[in-house]
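J.: The working numbering applies: residue -4 is where the sequence shown begins, and numbers increase by one.
Even glycine gets a Cβ: it sits at the ideal position worked out from N, Cα and C.
Submitted below is the structure of interest, expressed as structure tokens.
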Amino acid sequence: MTQYDDVWLVIPAYNEGQVIADVVEGARKTFPNIVVVDDGSTDDSAQHIATTGAHLVRHPVNLGQGAALQTGLTYALAQPGAKYFATFDADGQHQTHDVEKMVEVLRGGEVDVVLGSRFIVQNDQVPWIKRVVLRTAAAVSPTARKLKLTDAHNGLRVLGREAAEQLRITMNGMAHASEIVGFLAGSDLRVAEVPVDILYTEYSRAKGQSLINGVNIIFDITMRERGR
């Protein structure tokens, strides 16, 4: 038994064979319960995941990160004793010490969801394109402003069981982040942001958010808010 037996890490993975085993094995030193959703990878991701001791769920085809997160959350919710659910990236950017900190905030009982932020504390490690895109996304989104978020598209989140049971991600691609923020803004759930450290490795930078994808995110937010 460990102090984090009631925590499940949900990791969506698509063609992360180069790093996924190291990421999962590192995370399992603190969090024994991890489900990795192999989202239709065409590389050897599944084989690497199978060596780590994590639970492996596979999509036969690539459905997108939103769908992988929903699959992982549904799986984790069905596990005995699961109380807290962390969404965690497969590329090595997220740090387990941040998850520990976020879980302890939830255990305090004053909030239902804890979101990570790269911008509460000044962080010069965030690439400038990503910084501009993410700050703009937070600024143009009424739901992000309602929640007073500084980083609406941070993939590191920890949800209590009530929040995880209510969440239904229907947008399969990267637009799921906007959907999650919209869900939280329209709910009675209590939300807090905490500063987190994002590790931008050469590998993660190579796979990082492009400018055009960032523009697409902002366009998606604008259209979703207009349709409300």
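1. Since TRP3 contacts PHE80 with CB under 8 Å, what's their CB separation in whole angstroms?
2. With a Cβ-Cβ cutoff of 8 Å, do LEU68 and GLY155 count as a contact?
3. Beta-carbon within less than 6 Å of GLY222's beta-carbon, same chain only, minus the 5 sequence neighbours each way: which residues are those?
4. Checking 8 Å against the spacing of the C-beta atoms, do VAL108 and VAL189 come in under that value?
5. Classify PRO55 as buried or exposed, calling it buried when 16 or more other Cβ atoms lie within 10 Å of its own Cβ.
6. Look at the alpha carbon of ALA49 and the alpha carbon of VAL106, and state the distance between them as a whole number of angstroms.
7. Would the beta-carbon of ILE15 fall within 8 Å of that of ALA22?
8. For the 8 Å Cβ check, are there 3 or more pairs between the segment 155 to 165 and the segment 87 to 100?
9. Measuring only the C-alpha atoms, how far is ALA63 from ARG163?
10. Rounded to a whole number of angstroms, what is the C-alpha to C-alpha distance between GLY168 and THR37?
11. Could you tell me the alpha carbon to alpha carbon distance between ILE6 and SER182, rounded to whole angstroms?
12. Taking only the alpha-carbon atoms, compute the straight-line gap between TYR9 and SER40 and give it to the nearest angstrom.
13. Under 8 Å between the Cβ atoms of ASN19 and THR47?
14. Since ALA112 sits in a beta bridge, which residues does DSSP pair it with?
15. Pull up the distance between the alpha-carbon of THR25 and that of GLY177, whole angstroms please.
16. DSSP state of GLY155, grouped into three classes?
17. If distances are taken between C-alpha atoms only, which option among LYS143, ALA45, ALA172 comes closest to LEU151?
18. Considering just the uninterrupted stretch of the beta strand (DSSP E) at LEU72, what are its terminal residues?
19. Find the nearest neighbour of MET97 within the set ALA73, TYR(-1), LEU72, VAL31, judged by alpha-carbon distance.
20. List the DSSP bridge partners of ASP146.
21. Among residues of its own chain, excluding the 5 on either side of ALA71, which ones have a beta-carbon nearer than 7 Å to its beta-carbon?
22. Roughly how many angstroms lie between the CA atoms of ALA45 and GLY12, to the nearest whole one?
T.: Put simply:
1. 5 Å
2. no
3. Because the pLDDT at GLY222 is just 48, under 50, the model does not fix this residue reliably, and the point stays unresolved.
4. no
5. exposed
6. 28 Å
7. no
8. no
9. 12 Å
10. 17 Å
11. 25 Å
12. 7 Å
13. Here residue 19 is Val; the residue named in the question, Asn, does not match the sequence. In this structure, THR47 lies closer than 8 Å to VAL19 by Cβ.
14. Note on residue identity: the sequence assigns Ser, not Ala, to residue 112. Partner(s): PRO190.
15. 31 Å
16. strand
17. ALA172
18. That residue, LEU72, is in no beta strand (DSSP E); its alpha helix (DSSP H) goes 60 to 72.
19. TYR(-1)
20. ASP146 pairs with nothing; no bridge assigned.
21. TRP3, VAL5, VAL30, ALA77, PHE80
22. 11 Å
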